[in-house]
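Heads up, the final residue of the sequence shown is numbered 385 in the UniProt record's numbering, and it's a clean run with no missing numbers.
Where is the CB? At the ideal position from N, CA and C, for every residue including glycine.
In this text the structure is predicted, and so the values were computed from the model without any measurement.
A short write-up of the structure that comes next.
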Amino acid sequence: MSEAPNNNSAKRSRALLVLTLGFFLLGLGYGVYWWIHGRHHETTDDAYVAGNLIRVTPRIAGTVVAVYADDTDLVQRGQLLVRLDDADARVALSAAESRLAETVRQVRQMFSAVEQDRANVAIKQESLRQAEADAARRGGAAADEAVSREEREHSGSALKRAQSELRLANSQLEGALAQVAHTDVAHHPAVMQAEAQVREAFLNLGRCEIRAAESGYVAKRAVQVGQQAAPGTALMVVVPLRQVWVEANFKEDQLQRMRIGQAVELQSDLYGSGVTLHGKVAGLGAGTGSVFSLLPPQNASGNWIKIVQRLPVRIVLDPAEVAKHPLRIGLSMKAQVETKDASGESLASVSPSGPRYETAVYGDDEKAAGQRIREIVAANLQQAK
Numbered sequence: 001m002s003e004a005p006n007n008n009s010a011k012r013s014r015a016l017l018v019l020t021l022g023f024f025l026l027g028l029g030y031g032v033y034w035w036i037h038g039r040h041h042e043t044t045d046d047a048y049v050a051g052n053l054i055r056v057t058p059r060i061a062g063t064v065v066a067v068y069a070d071d072t073d074l075v076q077r078g079q080l081l082v083r084l085d086d087a088d089a090r091v092a093l094s095a096a097e098s099r100l101a102e103t104v105r106q107v108r109q110m111f112s113a114v115e116q117d118r119a120n121v122a123i124k125q126e127s128l129r130q131a132e133a134d135a136a137r138r139g140g141a142a143a144d145e146a147v148s149r150e151e152r153e154h155s156g157s158a159l160k161r162a163q164s165e166l167r168l169a170n171s172q173l174e175g176a177l178a179q180v181a182h183t184d185v186a187h188h189p190a191v192m193q194a195e196a197q198v199r200e201a202f203l204n205l206g207r208c209e210i211r212a213a214e215s216g217y218v219a220k221r222a223v224q225v226g227q228q229a230a231p232g233t234a235l236m237v238v239v240p241l242r243q244v245w246v247e248a249n250f251k252e253d254q255l256q257r258m259r260i261g262q263a264v265e266l267q268s269d270l271y272g273s274g275v276t277l278h279g280k281v282a283g284l285g286a287g288t289g290s291v292f293s294l295l296p297p298q299n300a301s302g303n304w305i306k307i308v309q310r311l312p313v314r315i316v317l318d319p320a321e322v323a324k325h326p327l328r329i330g331l332s333m334k335a336q337v338e339t340k341d342a343s344g345e346s347l348a349s350v351s352p353s354g355p356r357y358e359t360a361v362y363g364d365d366e367k368a369a370g371q372r373i374r375e376i377v378a379a380n381l382q383q384a385k
């Protein structure tokens with residue numbers, strides 16, 4: 001009768017020993033894992049894919065007459081997306097070109113007037129020399145009483161008249177020179193003002209065609225045919241999915257050893273745990289998310305509760321992996337940063353040497369406008385000659 005309780009007690013003791021040993025081994029295993037791996041890695045599920053959202057907006061007002069792209073469409077840099085009615089812009093350009101042509105001819109006439117005034121001054125100078133010589137000759141003859149008093153008065157009047165005409169000619173020449181001094185026809189202020197009007201009208205005509213500033217995928221198309229578009233109105237968004245990164249939010253106590261350049265492994269729910277992406281820490285944010293929120297926290301109030309803050313960490317991805325496994329803006333990610341090597345910087349110490357993002361799509365219109373202006377100036381200079 002007494003052996004049964006003893007057997008049960010022995011079984012419970014062995015079970016307790018096994019359970020204790022199991023917990024010990026689990027704790028030991030976790031400790032070894034933490035010592036070898038865990039203490040050198042920081043992990044967060046509060047991470048999301050971010051990227052550039054290029055809003056397509058008109059730079060002039062106009063009526064939409066055609067839409068060339070819709071949501072999910074792939075568009076290339078410089079591709080036509082929306083076209084506005086350009087009738088008014090064409091009329092304005094034609095008027096500006098006519099004003100430029102007329103201005104070039106008028107300025108060319110100014111330069112011709114200078115040459116005419118110079119020739120007139122030369123004629124008046126010769127007339128003055130003749131009048132002076134005649135007056136001197138008659139004055140010498142007057143001593144011998146070889147000429148009459150009337151002739152002497154006539155020569156004196158002719159001399160004064162020649163002097164006055166020369167002064168008037170010089171004044172006219174100075175006025176003409178003031179209009180064209182230190183410049184030529186192409187650089188005359190009136191011509192340059194007319195050129196500016198042509199350039200503005202030419203650019204406005206080109207702006208009736210709204211093109212993609214960068215290659216990407218169209219999203220949030222809001223434009224409709226017949227819509228009156230105002231400058232700055234968002235018509236659609238172009239998302240360049242090759243230019244994405246990850247914004248991972250880490251708690252304050254996870255940032256002690258986090259540095260720029262540390263390796264990062266990432267997983268997305270889109271592809272599951274079977275696909276691991278790789279990246280590097282590009283930088284740590286300048287402030288927590290709450291500071292930049294619409295209503296920043298007021299911690300000076302009496303009822304204060306400490307809340308653990310999170311700091312956004314920017315992670316750049318391997319472009320080859322992103323091309324193979326495209327990510328979308330806003331997807332959730334799991335990020336694990338290897339913090340074993342903490343010798344790097346936590347804040348960037350070098351400023352960018354050039355633009356991070358740029359486009360040359362709009363430069364062609366400026367070049368074309370300049371070429372058109374040069375053609376108009378050259379054609380009317382030739383005709384004026």
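In the DSSP assignment, E195 falls within the alpha helix (DSSP H) that extends over 189-206. Listed as beta-bridge partners of V237 by DSSP are R55, A219. Of M110, A212, A234, the smallest CA-CA separation from Q76 is found for A212. In the DSSP assignment, M333 forms a beta bridge with A47, S268. Looking at the backbone, the Cα of P189 and that of A169 are separated by about 25 Å. Within the DSSP bridge table, the entry for V244 names G51 as partners.
In the three-state DSSP reduction, L17 falls in the helix class (H, G or I). For I305, the closest alpha carbon among the candidates T72, A320, P297 is that of P297. In this structure, A282 lies near I315, with their beta-carbon atoms less than 8 Å apart.
Short of 8 Å from the beta carbon of E252, and not among the five residues preceding or following it, lie these beta carbons of its own chain, in chain order: V308, Q309, R310, L311. In this structure, V91 is the residue among V91, T20, L16 with its C-alpha nearest to the C-alpha of L205. Within the same chain, and ignoring the five residues on either side of E321 in sequence, the residues whose Cβ sits closer than 7 Å to its Cβ are L277, H278. Note that the region 324-331 does not touch the region 282-291; fewer than 3 beta-carbon pairs, one per stretch, sit closer than 8 Å. Taking the CA atoms as reference points, K280 sits about 42 Å from T20. When the five nearest sequence neighbours on each side are left out, no beta carbon in the same chain lies closer than 6 Å to the beta carbon of Q371.
Here K124 is buried, its C-beta having at least 16 other C-beta atoms within 10 Å.
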